[in-house]
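Per our numbering, the very first residue in the sequence shown carries number 1; after that it's consecutive.
Each residue gets a CB set at the ideal place from its N, CA and C atoms; glycine is no exception.
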Amino acid sequence: MQNFRNLLKEAQKMQAKIAKVQEELKNKVVEATSGGGMVKVTCNGQQEILKIEIDPELLEEKDVEMLQDLVMAAVNEALNRSREMLQEELGKITGGAQFPGFF
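Quick look at the structure:
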C-alpha cells in the first residue's frame, strides 16, 4: 500500500511539472517561413498561431493559389516546430517517455 502511495505522489509531482511546462510554452515561440521568407508564421508552444506576415510583393502577383500554398506551408512548419518544442520540454520531465494526447 505504501508503494502505491509513493507512486501516486510521484505521478502528482510529474503532473504538476507538466502543467507548469505547458503554461510556460505559451510564452515560447517558433517561427517558420516559406517562399524564401515571403510568408512568415509565428506560433507558440501551445500550437496557437500568433502572427502571419505576408510580403506585400506577393499580393502584387495576384496568384491566390500560390499565396494559399505558401501560407499553408509556413503554418504547417510552424506547428511542427511547436510540437517538437513541446516534446523536447516534456521529455526533460518524463525522461523521454511520450504520452498520448501531448502531440
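Pairwise C-alpha distance: residue j and residue i
i, j, result
"MET66", "VAL41", "16 angstroms"
"GLU10", "LEU90", "16 angstroms"
"PHE103", "ILE18", "Low per-residue confidence applies at PHE103: pLDDT is 48, beneath 50, and the placement is therefore not dependable enough to give any value."
"VAL21", "LYS92", "10 angstroms"
"ASN44", "ILE52", "12 angstroms"
"GLU23", "GLN47", "12 angstroms"
"THR94", "GLU88", "10 angstroms"
"LYS28", "ALA16", "19 angstroms"
"ARG81", "MET1", "43 angstroms"
"ARG83", "GLN12", "24 angstroms"
"PHE4", "VAL30", "40 angstroms"
"LYS62", "LEU8", "59 angstroms"
Cutoff 6 angstroms; reference residue i; Cβ partners in own chain excluding five residues on either side
i, result
"VAL39", "ILE54, LEU70, VAL71, ALA74"
"GLU77", "ALA32"
"VAL64", "none"
Beta-carbon separation (whole angstroms), residue i vs residue j, contact threshold 8 angstroms
i, j, result
"LEU25", "LEU79", "Between LEU79 and LEU25 the Cβ distance is about 13 angstroms, and since that is not below 8 angstroms, they are no contact."
Closer than 7 angstroms: residue i CB and nearest the ligand NAD heavy atom
i, result
"ASN3", "This structure simply doesn't include the ligand NAD, nor any ligand for that matter."
Close-in-space but distant-in-sequence residues of the same chain around residue i (CB under 7 angstroms, 5 per side omitted)
i, result
"LEU50", "VAL29, THR42, CYS43, ASN44"
Quiz prompt | Stretch-stretch touch, CB-based, cutoff 8 angstroms, three pairs: the segment 26-46 with the segment 63-80 | solution = As far as the Cβ criterion goes, the segment 26-46 touches the segment 63-80, which means the pair count is three or higher.
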